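One structure below.
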Ligand code: AHG
Ligand code: MN
Ligand code: MN
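Residue numbers (our numbering): 1 to 320.
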């Protein structure tokens, strides 16, 4: 049996040093606590919305706030953490002045699904950072990335750069490895998109989805929690799209630093692809902490079709 702890131990001296290992152990502990809070949230009155709006104009749920606190506590317990960057914080906060890493997180992804008992998650990544500006690095600078998916099971999915491992929380509170080296199937016929937003898509996305619907054998799934949609893709392939959207901020809904980058890092480590159009998500140079980007990821062959369609569309409008 390989537990999360023994897996981290086996990478000491390689991708992980002692300090990073402590950071990851504390993050794993935070996800155990969040998982526990979620299980009885209705009984504890942790449902509905708060009166608070976060920096992105979204109303916070009590569990958004609580999960954020739990993740911040995990950062405080880790001496090596210099900064925490969260979807629920206005800006980065300093944790330890002599720290060398930033932990970047979406404490609770898919929180609109909380009151209906559908899978939600915590997304995180760790980068090197000693000054506030270091938090604005492109996704290739991530050292580790992962997420916890809180569904019928609590799963912890992690990459330390190469390969993706999936752990399942057992009754004793241990994360036990249940999939070693998860790979995203290169070909797939399952797509995930909020189809109600079709009038706001660009021509490339509209054509891709229309073609998929017209081609026999395609299937659609949309959970509304990116973590849950991503988890399905890690397990049986597929493609996820939250594209540019004319009616939302033009760059779509999802945030680069704490949603797109960690998932992009995991997806590439599992042999899939993650793009914002013509370019890889991991190559986007961030300009602000809460920047939003179009997000398309999953099975390589499908993602490549879209990347090539964007490149062709751009060629078509270039002056001769
Ligand atoms: P969050 O709950 O952290 O704000 O993120 C929600 C995101 C993502 O998880 C999901 O894929 C998407 O929003 C759902 O968007 P729609 O409401 O358009 O379906
Ligand atoms: Mn989210
Ligand atoms: Mn969130």
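Backbone N, C-alpha and C define an ideal beta-carbon position, used for all residues, glycine too. Every value quoted in this text rests on a predicted model; they were computed, and no experiment measured them.
Next on the checklist: Does the distance between the C-beta of residue 17 and the nearest non-hydrogen atom of ligand 1 fall short of 7 Å?
Outcome noted: no
Checklist entry - Hey, is the stretch 166-182 in contact with the stretch 24-37, meaning 3+ C-beta pairs nearer than 8 Å? => result yes
Next on the checklist: Buried or exposed, going by whether 16 or more other CB atoms sit within 10 Å of the CB of residue 56?
Outcome noted: exposed
Next on the checklist: Assuming residue 189 is part of the alpha helix (DSSP H), what are its boundary residues?
Outcome noted: Following the DSSP letters along the chain, one finds residue 189 in no alpha helix (DSSP H), marked with neither H nor E.
Checklist entry - Would the beta-carbon of residue 115 be found less than 7 Å away from any heavy atom of ligand 1? => result Because no heavy atom of ligand 1 lies under 7 Å away, the Cβ of residue 115 does not count as near it: no.
Checklist entry - Excluding five sequence neighbours on each side, which residues of the same chain lie with their C-beta closer than 7 Å to the C-beta of residue 249? => result Around residue 249, the same chain offers 292 as residues with beta carbons nearer than 7 Å, after the five sequence neighbours per side are excluded.
Checklist entry - With DSSP run on the structure shown, which of helix, strand or coil describes residue 107? => result strand
Next on the checklist: If distances are taken between C-alpha atoms only, which option among 295, 277 and 8 comes closest to residue 307?
Outcome noted: Restricting attention to 295, 277 and 8, the CA atom closest to the CA of residue 307 is found in 277.
Checklist entry - In this structure, does DSSP put residue 196 in helix, strand or coil? => result helix
Checklist entry - Taking the Cβ atom as the reference point for each residue, do residue 24 and residue 157 lie within a distance shorter than 8 Å? => result no
Next on the checklist: Please return the same chain residues whose Cβ sits closer than 8 Å to the Cβ of residue 283, not counting the five positions on each side in sequence.
Outcome noted: Leaving aside the five residues that flank residue 283 on each side, the residues in its chain whose CB is nearer than 8 Å to its CB run, in chain order, 138, 139 and 140.
Checklist entry - Do the CB positions of residue 109 and residue 295 come within less than 8 Å of each other? => result Going by C-beta atoms, residue 109 is not nearer than 8 Å to residue 295.
Next on the checklist: Tell me the rounded alpha-carbon separation between residue 14 and residue 113.
Outcome noted: 38 Å
Checklist entry - residue 48: buried (16+ other C-beta within 10 angstroms of its C-beta) or exposed? => result exposed
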